[in-house]
Structure formats: structure tokens, C-alpha cells
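Down below is the structure, laid out as C-alpha cells.
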Amino acid sequence: MGWDEFLVLWCAVWGAVALVGYGMSLAGVTKAQRTVRLTGRIKRVREPRHGGSRTGGISVVVSYRDPASGQEVTVTNDGERGEIITAAWEGREIGVSHPRGRPHAYRFSNTPDEPGRGLFWPGFALFLVYVGLVVLAAVDRGWPWALIGFGGPWAIVAAAHLPRTVRAKNDRLARLAAMDTVQGQVVAVLKDVSVDQDDGHTRTTITPVVSFTTREGTAVTAHCTSHLADPADAYGRHVTVHHTPADPADLTLDRAAEHRSEGHDVTVNVLVIVVLAATAVAGVAFL
0 MGWDEFLVLW CAVWGAVALV GYGMSLAGVT KAQRTVRLTG RIKRVREPRH GGSRTGGISV
60 VVSYRDPASG QEVTVTNDGE RGEIITAAWE GREIGVSHPR GRPHAYRFSN TPDEPGRGLF
120 WPGFALFLVY VGLVVLAAVD RGWPWALIGF GGPWAIVAAA HLPRTVRAKN DRLARLAAMD
180 TVQGQVVAVL KDVSVDQDDG HTRTTITPVV SFTTREGTAV TAHCTSHLAD PADAYGRHVT
240 VHHTPADPAD LTLDRAAEHR SEGHDVTVNV LVIVVLAATA VAGVAFL
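Mapping the sequence shown onto numbering that gives the first Met the number 0, position 212 (from 1) lands on 211, and the numbers just tick up by one.
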């Protein structure tokens, strides 16, 4: 089998996979569509133990209403339960999901999830078809077509994404400007040690935990992994916390540093567009 036949087979196989995936989505039988998604509310927050592990996140007790029975269910996030809860307070709404008919297999997310359509894997299969077509064009018609096929479409995608990146930056700057400032305290420093199985190198991860009370009287406990000097010795230290009034999980200890870093995504997006467009132009020039 030559390269042409192999690439045609590649595109056919992944194209069939994409069609099956999109068909399952239309029929409403994908895993995402068979997942029950609920909104839970944190009832109790357990303060992390100083010197403990950050594995599993902040320990919380969550309640939600079972749609089948109408009864209130109370669960914890002990063990492997989806996303790690890194900021918690009593009354916070979080997402709870479980496979249909298996409520014991519940998982958490930091925000309530919207119903999904299960299109990630079909989309990925379609991407592999696109890769195969680009390589096929390069094999049949010359390598410059690989530059055109790769650089051109992705430059368009990046350009289409740029306005959204700019809006996200502006929204973030507006949230930083509107943040409340309160005093908090580091109530625990968590320490995790892992060993690389290949070279035996030991890696230590330090995670300070800060506690603060909003102006509305909400007591918040949150992991704080940036903008804290000498985090290993921060236990008991008083700190200044800036947070979004509507969402205390959006917090920082250094608002000025966050403000300075907000332009990076836009800069990277523009550079990507320039590089991809130049790649496509180079391909055209080499034809």
C-alpha cells in the first residue's frame, strides 16, 4: 500500500468515525447527553489541615435535589470526584453530574455545567481527516501545499478568535478594577511530594490556603498558588485579598501583577496569526 492509498484510507476511516459521532449526537445518545447535570450547594466547608495534601481539593459537604425522587441528597467530595474544588464557601453553587441511573457515580465541577452534545471526539476525528487531506495534498502536489493547508485555515481560525480574546481581556480588566479588597490569613500550607518514576527526581508542590471574609459576610477558603512570597513559610501570615464581589473564587493577592499580565493572550494571538499567515504565504511563494 502506497502513501496515497494509506492517506485515503486514513481519511475514510476517521470520516466514518466523525459521521457516527455526529449521528449519535443527533440521536441524543452520546455520553454527554446521557449525563444528568444538577446544581448543588455547599453546606459545609472543612478547613484544610496544615501540612496536609491538596489532593482532592478543599473538603466540602454538598447537597442537591434528586430529580427522580425529589429528595435532598447530601454528599462529599472525598475521593476522585471530578474537578478539584479550590475555593469554597457555604452557599456556593457548584455543578454535580452523574451517569443516568448511577447517582452514586457523581462528580463535581466548579460551576454548574450546561448540557453537552458530545461533539468533542467527532470534532477531533474531523480534524484528523483534515490532517490527512493536507498531507495527501503535499504528497500528490508538493510540500508547499502542506504550508498552505496548515497555515491558511489556522490563520483564519486564529483571526476569528482574536476579537473574543480582546473582549476577554477587557472584561478581565473591568473585573480587576471592580474588585473588593479585604484582609485574609493563610490558614494552612499544603505540601505534596511526588517522585518521577523515570529518573527518581523528587518534586515538592506547596499550596497555601487563604481564608477571608467578604464585605457581605461570606467566609471563603481558597487555594492561593501565585503572588505570595515564600509560600512554604506563609502559615499564619496576614495578606490582602482582592476578589470579585459576585464571585469570591475570582481572587488575587496582587491586582497590579494580574493587570500587567492581561495583555499576553492578545499578543500571543496576534503573533500566531502572523506566523500562520506567513507560513501560508511562503507556501504560495514556493509553488
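Virtual Cβ for every residue (Gly too), placed ideally from N, Cα, C.
Note that the C-beta distance between G94 and K30 is not below 8 Å.
Bounds of the alpha helix (DSSP H) holding S260 are R254 to S260.
One alpha carbon belongs to F285, the other to P143, and they sit about 6 Å apart. Annotation: T34 to A124 spans about 22 Å, alpha carbon to alpha carbon.
Approximately 10 Å separates the beta-carbon atoms of E79 and F107; this is outside 8 Å, ruling out the contact. The distance from the Cβ of P111 to that of E92 is about 6 Å, consistent with a contact at the 8 Å cut-off. Remark: three or more beta-carbon pairs, one from each stretch, lie closer than 8 Å, so the segment 172-185 and the segment 226-237 are flagged as touching. Pairwise C-beta distances place the segment 163-183 in contact with the segment 211-218, as three or more of them are shorter than 8 Å. Excluding residues up to 5 positions away in sequence, V138 lie with their Cβ nearer than 6 Å to the Cβ of W2 in the same chain.
Judged by DSSP in its simplified three-state form, I147 adopts helix. Taking a C-beta distance under 8 Å as the contact criterion, I57 and T85 qualify as a contact pair. Annotation: the continuous beta strand (DSSP E) that includes A187 extends over D179 to V194. In this chain, the beta strand (DSSP E) harbouring I93 covers E92 to P98. Boundaries of the beta strand (DSSP E) harbouring T75: E71 to T75, taken from the DSSP string. E261 is not a Cβ neighbour of L132, given a cutoff of 8 Å.
Taking a contact as a CB-CB distance under 8 Å, the pair H241 and R254 counts as one, their CB atoms being some 5 Å apart.
With a threshold of 16 other beta carbon atoms within 10 Å, V61 meets it and is buried. Around the CB of V59, 16 or more other CB atoms lie within 10 Å, so the residue is classed as buried.
When the alpha-carbon of H49 is set against those of L252, H222, E215 and P114, the nearest one is in H222.
Two segments are said to touch when three or more pairs of C-beta atoms, one from each, lie closer than 8 Å; by this definition the segment 196-204 does not touch the segment 64-76. Rounded to whole angstroms, the gap between the alpha carbons of P114 and R36 is 7 Å.
Taking 8 Å as the cut-off, the beta carbon of T224 is found no closer than this to the beta carbon of T243. Each residue's CA atom was taken as its position, placing H160 and M178 some 27 Å apart. Approximately 32 Å separates the beta-carbon atoms of Y21 and G39; this is outside 8 Å, ruling out the contact. Rounded to whole angstroms, the gap between the alpha carbons of V265 and K168 is 8 Å. For the pair V283 and I155, the CB atoms are not nearer than the 8 Å cut-off. Within its own chain, the residues whose Cβ lies closer than 6 Å to the Cβ of R174, once the five positions on either side in sequence are excluded, are T243, listed in chain order.
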